[in-house]
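Student: One structure, pasted below without further comment.
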Amino acid sequence: MSTSEGTLITPADFAGAGSSGEVSERGKFGVFGGRYVPEALIPALDEVAAEYEKARNDLAFIREFDHLLRTYAGRPTTLTDVPRFAEQAGGARVILKREDLTHTGAHKINNVLGQALLTKRLGKKRVIAETGAGQHGVATATAAALMGLECVIYMGAVDCERQALNVARMKLLGATVVPVTNGSQTLKDAINEAFRDWVTNVDSTHYLFGTVAGPYPFPGIVRDFARIIGVEARRQILELTGRLPDAICAAVGGGSNAIGIMHAFIGDAGVQLHGYEAGGRGLESGEHALTLTAGSIGVLHGSRTYVLQDDEGQTIESHSISAGLDYPGVGPEHAWLKDTGRATYHGITDAEAMEAFALLARTEGIIPAIESSHALAGALKLGRELGPDANILVNLSGRGDKDMGTAMKYFNL
Amino acid sequence: MTTLATVFEKARAENRAALVGYLPAGFPTIDGAIAAATAMVEAGCDVIEIGLPYSDPLMDGPTIQDAVHRALENGTRIADVMRTVEGVAKSGAATLVMTYWNPIDRYGADRFARDLANAGGVGTITPDLTPEEAGPWRESSASAGIDTVFLVAPSSTEERIGIVAECCTGFVYAASLMGVTGARESVGSAAEGLVKRTRPHAKVPICVGLGVGNGKQAAEVAAYADGVIVGSAFIRRMLDAPNEREGLQQVRELASELAAGVRR
Chain A
0 MSTSEGTLIT PADFAGAGSS GEVSERGKFG VFGGRYVPEA LIPALDEVAA EYEKARNDLA
60 FIREFDHLLR TYAGRPTTLT DVPRFAEQAG GARVILKRED LTHTGAHKIN NVLGQALLTK
120 RLGKKRVIAE TGAGQHGVAT ATAAALMGLE CVIYMGAVDC ERQALNVARM KLLGATVVPV
180 TNGSQTLKDA INEAFRDWVT NVDSTHYLFG TVAGPYPFPG IVRDFARIIG VEARRQILEL
240 TGRLPDAICA AVGGGSNAIG IMHAFIGDAG VQLHGYEAGG RGLESGEHAL TLTAGSIGVL
300 HGSRTYVLQD DEGQTIESHS ISAGLDYPGV GPEHAWLKDT GRATYHGITD AEAMEAFALL
360 ARTEGIIPAI ESSHALAGAL KLGRELGPDA NILVNLSGRG DKDMGTAMKY FNL
Chain B
0 MTTLATVFEK ARAENRAALV GYLPAGFPTI DGAIAAATAM VEAGCDVIEI GLPYSDPLMD
60 GPTIQDAVHR ALENGTRIAD VMRTVEGVAK SGAATLVMTY WNPIDRYGAD RFARDLANAG
120 GVGTITPDLT PEEAGPWRES SASAGIDTVF LVAPSSTEER IGIVAECCTG FVYAASLMGV
180 TGARESVGSA AEGLVKRTRP HAKVPICVGL GVGNGKQAAE VAAYADGVIV GSAFIRRMLD
240 APNEREGLQQ VRELASELAA GVRR
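As they're listed, the protein sequences go chains A and B. Per numbering that gives the first Met the number 0, the first sequence starts with residue 0, numbered consecutively. Per numbering that gives the first Met the number 0, the second sequence starts with residue 0, numbered consecutively.
Here's what the structure looks like:
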């Protein structure tokens, strides 16, 4: 395969250090990021960082990743105009980036294929991962099956229940799913448990981290593998509309789909970047996952970032109708994008997200993930602000099949 | 106030290792923890680490997770941790706080160091604070006159051991195995090698923790380390006891067994 013609990604598409204010020294984004982990893990993190640095400069690695994205993940994903949906968005033009059409049904596949290749380069035979909605777990189990790696997925017991279908998918793919019953029994506790496994089995195991959070080098690696979303979308929207979009909307939990679509546009000053967090039952209710909107700066899961915490630094449990956004931390690069003002973050309540979920299904025949529905709800509001001349690009990060149980209850279907 | 330096000097004079016991504040209750730690000191612990209960203890195994969860359910706050330190320090042990970084970060590094020193605490162990991020905490601790203990692990390279040891005052904490806290059948075989590798870099004594739970193991470790750290085994006894009084008795017995172990 040639590296230019017909190729999705090139070495330049791997962002690397410095591209968005990231300081190469231990992965700092301004004051955010860094490494707050047991010393026992430092050698493993150093090893991952060093191997990734080699990989991203290795044409053979890039070709292999590119080949998998094209022939296995189903890239490039298309853009879809959604005019009937956009009627509710003040007449603005709304264009979806269809990550829901990738293999396994969400953007998570991009990162796991990259990291599974990295696992092989590291000579490790076992991967572990945390999962909230189950999408990263399914994607990891998929890549592990594809590459013959042993796979253990940690998933909060509460999430196992609300995403039972994904638990079954992971099992069918050959993964062991460990329900985590401590703490809030959701994503944050699954991450704690995965770290405990990693520190015990680090010689044989790669922690296939699922989002742009965690200690250096994970935020940068996961971003680079997800970055293809924005790289593609930028090319496609120029082709489709002849210009850059006025705004980009993406849902933010840990922040991987959002950074994935935003990153290639950070240098385009005219493109507004909007992230939508889970407002749950509303800010006042205290039951939300508004980490950037209502949290404060602290350290969680190995990284300095915004955190939902009390006055003594204890993590406050988050809430969202969507398991994938139910997380009291967020990737450090988003914290940095917020503080520099380059991106703006807002809350979308459960009710607003579910309304957008149903609206897209009814008007366009697309059932989105509830996570992505937060971005759709954001686009509806933003369209009314920006007016009919605006082009809004929304990352439709995943499909909603996994959410039918929740939808059946919510809408009495 | 007994300092770490005095503790290790005394142990060396007696040709033995020091015994370090861990217990989280607020477990089983705030006063219960003070009573248990005091019993540990009376039965032979030289140093007490008071754990600051934290919602996301990612280096701890199920036993400490359980105890910490109960402490948080009891509403344990940092003021209670300080009060616990004050109570335990009166027993004559050098008393440290073991805590994940975020609670100190949130409380304010200078304020935490000052309050800990005022409570009679002699230092902290911060298992998730790497030397790269530890600059501000080392400064705050130095101004308050308290020690900073960091960890080395079997996976640590020579270079890392050097960097970590450089930041340690009081002692260096050598994690005996790759894993989380909790008593094990046997102490990791890597521990002795790690102590040996750390020795040339350390200006202060080296204590070994993780996996030590009985007198025999304490004796094994005491043969090559300056101190033996035991946590989960104490908590296990308290969790398994039918009542607090019995738990206290169990803790006392274990401390005596371990104290005999470090003197073998």
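Ideal placement from N, C-alpha and C gives every residue a C-beta, glycine not left out.
Just grab the DSSP bridge partners of Glu-149(A) for me.
Tutor: Answer is Arg-125(A).
Student: Should Arg-244(B) be labelled buried (16 or more other beta-carbon atoms within 10 Å of its own) or exposed?
Tutor: So Arg-244(B) counts as exposed.
Student: Would you verify that the beta carbon of Thr-199(A) is, or is not, closer than 9 Å to some beta carbon of chain B?
Tutor: Yes, its Cβ sits closer than 9 Å to a Cβ of chain B.
Student: For Arg-120(A) and Cys-159(A), what's the separation of their Cα atoms in angstroms?
Tutor: Their Cα atoms are separated by approximately 31 Å.
Student: Can you say whether Asn-165(A) is buried or exposed, counting buried as having 16 or more other CB atoms within 10 angstroms of its CB?
Tutor: Result: buried.
Student: Sort out for me which residues DSSP pairs Asp-80(A) with in a bridge.
Tutor: According to DSSP, which records beta bridges pairwise, Asp-80(A) is partnered with Ile-94(A).
Student: Against chain C, does Glu-354(A) count as a neighbour if the rule is that its beta carbon must be under 9 Å from one of theirs?
Tutor: Annotation note: the requested chain C is absent from the structure, which comprises protein chains A and B.
Student: Counting C-beta neighbours from all protein chains within 10 Å, is the total for Leu-253(B) 16 or more, i.e. buried, or is it exposed?
Tutor: Buried.
Student: Give the straight-line distance between the Cα atoms of Thr-5(B) and Gly-91(B), rounded to the nearest whole angstrom.
Tutor: Approximately 11 Å, taken between the alpha carbons.
Student: Could you work out which residue in Tyr-35(A), Pro-387(A), Asn-191(A), Arg-74(A) is closest to Gly-155(A) when comparing CA atoms only?
Tutor: Checking every option, the nearest Cα to that of Gly-155(A) belongs to Asn-191(A).
Student: To the nearest angstrom, how far is the alpha carbon of Glu-238(A) from that of Pro-244(A)?
Tutor: Their Cα atoms are separated by approximately 11 Å.
Student: Rounded C-beta distance between Glu-131(B) and Gly-33(A)? I'm assuming under 8 Å.
Tutor: Contact flag correct, Cβ pair sits at about 7 Å.
Student: From Pro-42(A), Phe-60(A), Glu-50(A), Asp-65(A), pick the residue whose C-alpha is nearest to that of His-8(A); which is it?
Tutor: In the sequence as presented, His is not what sits at residue 8(A); that position holds Ile. Minimum Cα distance to Ile-8(A) is reached at Asp-65(A).
Student: Once you ignore the five residues that flank Gly-60(B) on each side, which residues in its own chain have a CB closer than 8 Å to its CB?
Tutor: So the qualifying residues of the chain are Gly-178, Val-179, Thr-180, Gly-181, Ser-231.
Student: When the Cα atoms are used, what is the spatial distance from Val-229(B) to Pro-37(A)?
Tutor: Cα-Cα distance, rounded: 18 Å.
Student: Of all the CB atoms in chain B, is at least one closer than 9 Å to the CB of Tyr-413(A)?
Tutor: Outside the modelled stretch of chain A, which goes from 0 to 412, sits residue 413(A), for which no answer is possible.
Student: Let me know if Gly-252(A) comes out buried or exposed under the rule of 16 or more other beta-carbons within 10 Å of its beta-carbon.
Tutor: Answer is buried; the Cβ neighbour count reaches 16.
Student: Would Asn-411(A) be called buried (16 or more neighbouring beta carbons within 10 Å of its own) or exposed?
Tutor: Exposed, by the Cβ-count rule.
Student: For Ser-54(B), name the three-state secondary structure that DSSP assigns.
Tutor: Three-state result, Ser-54(B): coil.
Student: Cutting at 6 Å between CB atoms, please list the residues of its own chain near Asp-45(B), excluding the five before and the five after it.
Tutor: Counting only Cβ-Cβ distances below 6 Å, and skipping sequence neighbours, we find Val-6, Ala-17, Leu-18.
Student: For the region 151–167 of chain B, which residues have a CB atom closer than 7 Å to at least one CB atom of chain A, in sequence order?
Tutor: Cβ contacts with chain A: Val-151, Ala-152, Ser-154, Ser-155, Thr-156, Arg-159, Val-163.
Student: Going by DSSP, name the residue or residues bridged to Met-97(B).
Tutor: Looking at the DSSP assignment, Met-97(B) forms a beta bridge with Gly-50(B), Ile-124(B).
Student: Using a C-beta cutoff of 9 Å, does Thr-265(B) count as contacting chain A?
Tutor: Any answer about residue 265(B) is impossible in this case: the structure gives chain B only from 0 up to 263.
Student: Per DSSP, Asp-146(B) forms a beta bridge with which residues?
Tutor: Beta-bridge pairing links Asp-146(B) to Gly-122(B).
Student: Give the range of the beta strand (DSSP E) segment to which Arg-398(A) is assigned.
Tutor: It is not in any beta strand (DSSP E) - Arg-398(A) carries neither H nor E in the DSSP assignment.
Student: Taking a cut of 8 Å between CB atoms, which residues from the region 170–192 of chain B lie near chain A?
Tutor: Here the close residues are Ala-174, Met-177, Gly-178, Val-179.
Student: Please check if any C-beta of chain B sits within less than 9 Å of the C-beta of Phe-413(A).
Tutor: In the structure displayed, chain A extends from 0 to 412; residue 413(A) sits before or after that span and is not available.
Student: Note down, in chain order, every chain B residue with its Cβ under 9 Å from the Cβ of Pro-42(A).
Tutor: Those within 9 Å of Pro-42(A) in chain B are Ala-152, Ser-154, Ser-155, Thr-156, Arg-159.
Student: Using the DSSP secondary-structure output, state which residues sit across from Arg-34(A) in a beta bridge.
Tutor: Answer is none; Arg-34(A) lacks a bridge partner.
Student: Tell me which same chain residues have a C-beta within less than 6 Å of the C-beta of Met-169(A), skipping the five on either side of it?
Tutor: Gly-136, Val-137, Ala-140, Ile-152, Val-176.
Student: What did DSSP end up calling Gln-64(B) once you bin it into helix, strand or coil?
Tutor: The answer is helix: DSSP assigns Gln-64(B) an H, G or I state.
Student: What would DSSP say about Gly-20(A), mapped onto helix, strand or coil?
Tutor: With a pLDDT of only 48 at Gly-20(A), under the threshold of 50, the placement of this residue in the model should not be trusted, and no figure is reported.
Student: Decide if Ser-203(A) is buried, meaning its Cβ has at least 16 other Cβ atoms within 10 Å, or exposed.
Tutor: Result: exposed.
Student: Can you list, in chain order, the residues of its chain with a C-beta nearer than 6 Å to that of Ala-389(A)? Leave out the 5 residues immediately preceding and following it.
Tutor: These residues qualify, in order along the chain: Ala-91, Asp-245.
Student: Note down the Cα distance separating Asn-242(B) from Ile-29(B), rounded to an integer number of angstroms.
Tutor: Approximately 16 Å between the Cα atoms of the pair.
Student: Compare the C-beta of Met-58(B) with all C-beta atoms of chain A and state if any pair is closer than 9 Å.
Tutor: At least one chain A Cβ lies under 9 Å of Met-58(B).
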